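So the structure is just underneath, and the comments pick up after that.
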Amino acid sequence: MRLDPFYLIVDSADWIERLVPLGVRLVQLRIKDRPNVLRSEIRRAKAVCAGHDCRLIVNDYWQLAIEEGCDFVHLGQEDLEDADHDAIRGAGLRLGLSTHDDAELATALAARPDYVALGPVYPTILKQMKWAPQGLERIAGWKRRVGPLPLVAIGGLNVDRLQGVFDAGADSAAVVTDITLNADPEARTREWIERTQQWR
14 MRLDPFYLIV
24 DSADWIERLV
34 PLGVRLVQLR
44 IKDRPNVLRS
54 EIRRAKAVCA
64 GHDCRLIVND
74 YWQLAIEEGC
84 DFVHLGQEDL
94 EDADHDAIRG
104 AGLRLGLSTH
114 DDAELATALA
124 ARPDYVALGP
134 VYPTILKQMK
144 WAPQGLERIA
154 GWKRRVGPLP
164 LVAIGGLNVD
174 RLQGVFDAGA
184 DSAAVVTDIT
194 LNADPEARTR
204 EWIERTQQWR
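Going from the sequence shown to the numbering used here is simple: count from 1 and add 13.
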């Protein structure tokens, strides 16, 4: 399986409606602390992605992803512990997993994921992290260990850091704040699409 090299992560269907039509091919809907809107947000996001040839990944909520007929779910390590792996696979859901250290990578690989994410590569302002920035050398090491599985780099990425991330072995670069906190998110999204074109 191949992942698009530009992996957008947003926290609402509003963002998806705004940015996916620009040419985004891979997006994660990552909603925290708003359980009452999850189902409607997933439905809106799914409709937009279906109309624009974009792969939608639902963060955390694998039960809703199954119920809503989604194709992909992303889980953190804690969510992986509580997830019903048989139900996820039985529903045909593809699975992406977060990793931050050697033990988490071993746990992730044992779950037979469809991709592995490594972060934070650089310092990030998105959330408090107990892990220090991993750096480009860790990407190279992770890629050797995951082999043919797609490797997603995440954390502190911007367009100026893409070359180094892909040269180190990442297959896809995930971005949140470099776009959502930009003064012109649409222009920044177009720049990401253009700058990742060579790795498509």
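Note that CB positions come from ideal geometry on N, CA and C, so glycine has one too. If you're wondering where the values come from, they're calculated on a predicted model, not measured in any experiment.
- Item | Terminal residues of the beta strand (DSSP E) in which Q210 lies | Run containing Q210: none; DSSP gives neither H nor E here.
- Task: Starting from the Cα of R31, find the closest Cα among R208, D95 and T202 and give me that residue.
- Result: Closest by alpha carbon: T202.
- Query: Ends of the alpha helix (DSSP H) at T137?
  - Reply: Membership of T137 in any alpha helix (DSSP H) is not indicated, and neither H nor E is assigned to it by DSSP.
- Task: Counting only the same chain and skipping the five closest in sequence on each side, list residues whose C-beta sits under 6 Å from that of F85.
- Result: For F85, the CB contacts under 6 Å within the same chain, skipping 5 residues up- and downstream, are I70 and R107 in chain order.
- Could you check what DSSP says for Q176 in three-state terms: helix, strand or coil? Q176 carries a helical assignment under DSSP once its states are collapsed to helix, strand and coil.
- Message: Using the three-state DSSP reduction, which class does R31 fall into: helix, strand or coil?
- Response: Correct three-state label for R31: helix.
- Name the DSSP bridge partner or partners of N72? Paired residue(s): H87.
- Limits of the alpha helix (DSSP H) - the one that R107 falls within: For R107, there is no enclosing alpha helix (DSSP H); the residue is part of the beta strand (DSSP E) that begins and ends at R107 to T112.
- Is A183 near A166, with beta carbons less than 7 Å apart? For the 7 Å CB-CB criterion, A183 and A166 form a contact.
- Item | Neighbourhood of Y74 by C-beta distance below 7 Å, restricted to the same chain and skipping five residues each side | Excluding residues within five positions, the ones whose Cβ falls inside 7 Å are L51.
- Message: Cutting at 6 Å between CB atoms, please list the residues of its own chain near S25, excluding the five before and the five after it.
- Response: Cβ within range, chain order: n/a, list empty.
- Under the DSSP definition of a beta bridge, which residues are partnered with L42? L42 pairs with V23 and V71.
- Message: Please report the straight-line C-alpha distance between V134 and L170, rounded to a whole angstrom.
- Response: Distance between the alpha carbons of V134 and L170: 8 Å.
- Message: Could you check whether the segment 26 to 45 touches the segment 53 to 66, counting it as contact only if at least three pairs of C-beta atoms, one from each stretch, sit closer than 8 Å?
- Response: Yes: the two stretches touch, three or more of their Cβ pairs being nearer than 8 Å.
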